[in-house]
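*Asks:* Quick one: the structure is below, questions incoming.
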Amino acid sequence: MKTGIFEMEHFEGSYPVIQLFDMPANKVVIFTNAGTYERFADLFKQDVNRFQWEILDNSGGKWRFFRQLYKAAKKHQLDLFYLNTISNNHLFYAWVIGLLRIARVVITVHDINCLFKSRWSFRVRELIHHIGKKALVKRVKEFNVVSDTMVDYLRETTQGKNQIHNIPGAVFESEQWSLRIGEYIHLVVPGSLDKKRRDYQQVLELLKTAEASQLRLHITLLGGHSDDYGKAIIQQAAAFKTVFSKITVYDTHLVHQDEFDKQLNNAHFIFIPSVVDTAICFAIPETYGISKSSGNMFDVIKHARPFITPQSLRISATLESSCFRYASINHLVDFLQGLYQQKEDYENWQQHALANSKEYTIAKVRARNPTLFARH
Numbered sequence: 001m002k003t004g005i006f007e008m009e010h011f012e013g014s015y016p017v018i019q020l021f022d023m024p025a026n027k028v029v030i031f032t033n034a035g036t037y038e039r040f041a042d043l044f045k046q047d048v049n050r051f052q053w054e055i056l057d058n059s060g061g062k063w064r065f066f067r068q069l070y071k072a073a074k075k076h077q078l079d080l081f082y083l084n085t086i087s088n089n090h091l092f093y094a095w096v097i098g099l100l101r102i103a104r105v106v107i108t109v110h111d112i113n114c115l116f117k118s119r120w121s122f123r124v125r126e127l128i129h130h131i132g133k134k135a136l137v138k139r140v141k142e143f144n145v146v147s148d149t150m151v152d153y154l155r156e157t158t159q160g161k162n163q164i165h166n167i168p169g170a171v172f173e174s175e176q177w178s179l180r181i182g183e184y185i186h187l188v189v190p191g192s193l194d195k196k197r198r199d200y201q202q203v204l205e206l207l208k209t210a211e212a213s214q215l216r217l218h219i220t221l222l223g224g225h226s227d228d229y230g231k232a233i234i235q236q237a238a239a240f241k242t243v244f245s246k247i248t249v250y251d252t253h254l255v256h257q258d259e260f261d262k263q264l265n266n267a268h269f270i271f272i273p274s275v276v277d278t279a280i281c282f283a284i285p286e287t288y289g290i291s292k293s294s295g296n297m298f299d300v301i302k303h304a305r306p307f308i309t310p311q312s313l314r315i316s317a318t319l320e321s322s323c324f325r326y327a328s329i330n331h332l333v334d335f336l337q338g339l340y341q342q343k344e345d346y347e348n349w350q351q352h353a354l355a356n357s358k359e360y361t362i363a364k365v366r367a368r369n370p371t372l373f374a375r376h
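The sequence shown begins at 1 in full-length UniProt numbering and counts up one residue at a time.
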């Protein structure tokens, strides 16, 4: 069997997909661009040459790019084509899929409403996206979502007409770093500084409240910035004058993978101040935990860390026992103060996190998805 995996954006989300399809009876071909290939190389390190790579040039116009994609995929005579991220040019992808006539095509849906509930518009760009999405959905019979909390909603949206898979955005493959609470409780907020995904005002409010409560708290904003909002958050964080608490930021566009992993491994908790209701795609509403998933959940799985979320965010039942849910910032500070006073209680959180991540090993994810990973 030969499987093609397409990814030019969410390299960290395709990393586990590649690992899952890496089986003795299966040849894996990855279709990507030069920049994303470099990020894959950071993740796979010496194992990067285990796979075939088709490096596509997306700098020369749409027609040229999609002709490249078609020819490269056609050459490999794929049995299954797994497209992990399609965020634009839906009509072109639908055209390529139609021409290839591959037996099985699977598309990961990151934003269910964006793909299935786009609207007719007088704006040309929105109208083209709408037509393209309709064409793509018509071509594809199998979809994947990265969180089990999204499965029922997608099944309802497709009226049960399509096969739905649940391949998570991370697998657990290593040992957990065992930590103890020392001078500080360390919370890490991973991800780019994006107001449509995370509420950083909550982070700053937490720092302010912790300082007023004389709580030894260290918060790390583990992500770069790409707009004025991100720069403003970094400036606000740097302006804080604290004695008891502290905050670390990265005044850069991108945090290197090794540093990213190091900080997450040293987090007592991954802090996910997620927005719940958002609109990232043409103002189409999405709900985190139902129609889309936070990538931070996969940092939790990969690194086997306990985590903290707003009470209103829906999460997988598998991860529930290693999650503290807060109703307010004061509620969260009370929890952290109690934990700081009873530091030995942290070990229970850590053990629950490890047990929960072990439900996401390569073997267990394959076993839950036999129609994709059955031995051939």
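Virtual Cβ for every residue (Gly too), placed ideally from N, Cα, C.
Return the chain-ordered list of same chain residues with a C-beta closer than 6 Å to the C-beta of H10, the five sequence neighbours on each side being excluded.
*Replies:* These residues qualify, in order along the chain: T85.
*Asks:* Write down the C-beta distance between V171 and V365 rounded to the nearest angstrom, noting that I regard them as a contact closer than 8 Å.
*Replies:* 6 Å between Cβ atoms; contact.
*Asks:* So L187 and L217 are in contact, right, with Cβ under 8 Å, and what is the actual spacing, rounded?
*Replies:* The pair is a contact, with the Cβ atoms about 7 Å apart (cut-off 8 Å).
*Asks:* How would you call P370, buried or exposed, if buried means at least 16 neighbouring beta carbons within 10 angstroms?
*Replies:* The residue is exposed, with fewer than 16 neighbouring Cβ atoms inside 10 Å.
*Asks:* Run through DSSP, which three-state label would L56 get?
*Replies:* Note: L56 maps to strand in three-state DSSP.
*Asks:* By a C-beta neighbour count over all protein chains shown, 10 Å radius and 16 as the cutoff for buried, is P24 buried or exposed?
*Replies:* Flag for P24 reads exposed.
*Asks:* The beta strand (DSSP E) that contains K246, what's its start and end?
*Replies:* From DSSP, the beta strand (DSSP E) with K246 extends over 246-248.
*Asks:* Alpha carbon to alpha carbon, what distance is there between I219 and Q235?
*Replies:* Computed Cα separation, rounded: 15 Å.
*Asks:* Where do the N-terminal and C-terminal ends of the alpha helix (DSSP H) with I131 fall, by residue?
*Replies:* Looking at the DSSP string, the run of the alpha helix (DSSP H) that includes I131 is 124-139.
*Asks:* Is H253 helix, strand or coil when you go by DSSP?
*Replies:* Three-state result, H253: coil.
*Asks:* Unbroken beta strand (DSSP E) runs of length 3 or more, entirely within the segment 18-67: which are they?
*Replies:* Segments of the beta strand (DSSP E) lying fully in the segment 18-67: 27-33, 52-56.
*Asks:* Taking DSSP's pairing of strands, which residues face R325 in a bridge?
*Replies:* Paired residues: T309.
*Asks:* Out of Y360, K2, L339, M1, state which residue places its alpha-carbon closest to the alpha-carbon of G182.
*Replies:* Residue L339 is the option with its Cα nearest to G182.
*Asks:* So L78 packs on K2, CB below 8 Å; how close in whole Å?
*Replies:* Confirmed, Cβ separation roughly 5 Å.
*Asks:* Just to confirm before moving on: does the CB-CB distance between W53 and Y70 stay below 9 Å?
*Replies:* Cβ atoms of W53 and Y70: not closer than 9 Å.
*Asks:* Residues in its own chain within less than 7 Å of S312 by CB, not counting five upstream and five downstream?
*Replies:* For S312, where only same-chain residues beyond five positions count, the Cβ hits under 7 Å are V276.
*Asks:* What residue ranges within the segment 173-219 form continuous beta strand (DSSP E) runs of no fewer than 3 residues, ordered along the chain?
*Replies:* Taking only runs of at least 3 residues, the beta strand (DSSP E) segments lying wholly in the segment 173-219 are 185-190.
*Asks:* What are the residues that DSSP puts in a beta bridge with K292?
*Replies:* D111, Y288, per the DSSP bridge assignment.
*Asks:* How big is the Cα-Cα spacing for A34 and N58?
*Replies:* In a straight line, the C-alpha of A34 is about 9 Å away from that of N58.
*Asks:* Roughly how many angstroms separate the alpha carbons of K358 and Y200, rounded to a whole number?
*Replies:* So the alpha carbons of these two residues sit roughly 30 Å apart.
*Asks:* State the beta-bridge partners of N266 as determined by DSSP.
*Replies:* None; N266 has no bridge partner.
*Asks:* Please report the straight-line C-alpha distance between D251 and N330, rounded to a whole angstrom.
*Replies:* Using only the alpha carbons, I get a separation of about 29 Å.
*Asks:* Are the beta-carbon atoms of I301 and T309 separated by less than 9 Å?
*Replies:* No, the pair does not count as a contact, with Cβ atoms beyond the cut-off.
*Asks:* What's the C-alpha gap between V243 and L222?
*Replies:* Rounded to whole angstroms, V243 to L222 spans 22 Å at the Cα level.
*Asks:* Under 8 Å: does the beta carbon of H352 sit that close to some heavy atom of the ligand SAM?
*Replies:* The ligand SAM is not part of the structure shown, which contains no ligands of any sort.
*Asks:* Shortest alpha-carbon distance to D148 belongs to which of A374, L56, L319?
*Replies:* When each option's Cα is compared against that of D148, the closest is L319.
*Asks:* Taking the Cβ atom as the reference point for each residue, do W204 and F271 lie within a distance shorter than 9 Å?
*Replies:* The sequence shown places Leu at residue 204, rather than the Trp named in the question. Not a contact, by the Cβ cut-off of 9 Å.
*Asks:* Rounded to whole angstroms, what's the CA-CA distance from A304 to E173? Just pull it up for me.
*Replies:* Whole-angstrom Cα-Cα distance: 10 Å.
*Asks:* Would you identify the three-state DSSP class for F81, choosing helix, strand or coil?
*Replies:* Strand.
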